[in-house]
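Undergrad: The sequence shown begins at 0 in numbering that gives the first Met the number 0 and counts up one residue at a time. Can you read through this structure? Questions will come right after.
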Amino acid sequence: MKSQIDSAGRIVIPKELRDRYGLRKGQTVTIIPLPDGVSIVPELAERRFIRNGPLLSIETGPGIAPLSDFDVERIRDEQLKSKSP
Numbered sequence: 000m001k002s003q004i005d006s007a008g009r010i011v012i013p014k015e016l017r018d019r020y021g022l023r024k025g026q027t028v029t030i031i032p033l034p035d036g037v038s039i040v041p042e043l044a045e046r047r048f049i050r051n052g053p054l055l056s057i058e059t060g061p062g063i064a065p066l067s068d069f070d071v072e073r074i075r076d077e078q079l080k081s082k083s084p
């Protein structure tokens, strides 16, 4: 995937990649110099769990990476195990 650097030094990260890696407007990233380029690493906020009666919800928003199906299943399994005798 290619992108151009504008005169201010900005790079547009394609929407597909922003969605895949949970990158949001205003989010802070760390730029790591490498011998053959740079790596852009998002600083992710910790996920916030909210209890709504018997249900457990995960707060989303800027800086909070989306959960994969695997993550959702793992969290669900952990919650079920913690409630079993």
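Built from N, CA and C at the ideal position, the CB exists for glycine as well.
Which residue marks the beginning of the alpha helix (DSSP H) containing Ile74, and which one marks its end?
TA: 68 to 82
Undergrad: Pull up the distance between the alpha-carbon of Lys80 and that of Arg19, whole angstroms please.
TA: 29 angstroms
Undergrad: For Pro41 versus Gln26, is the C-beta spacing smaller than 8 angstroms?
TA: yes
Undergrad: Can you tell me which residues form a DSSP beta bridge with Thr29?
TA: Val40
Undergrad: How far does the beta strand (DSSP E) with Leu22 in it extend, from its first residue to its last?
TA: Looking at the DSSP string, Leu22 is not in any beta strand (DSSP E), and its letter there is neither H nor E.
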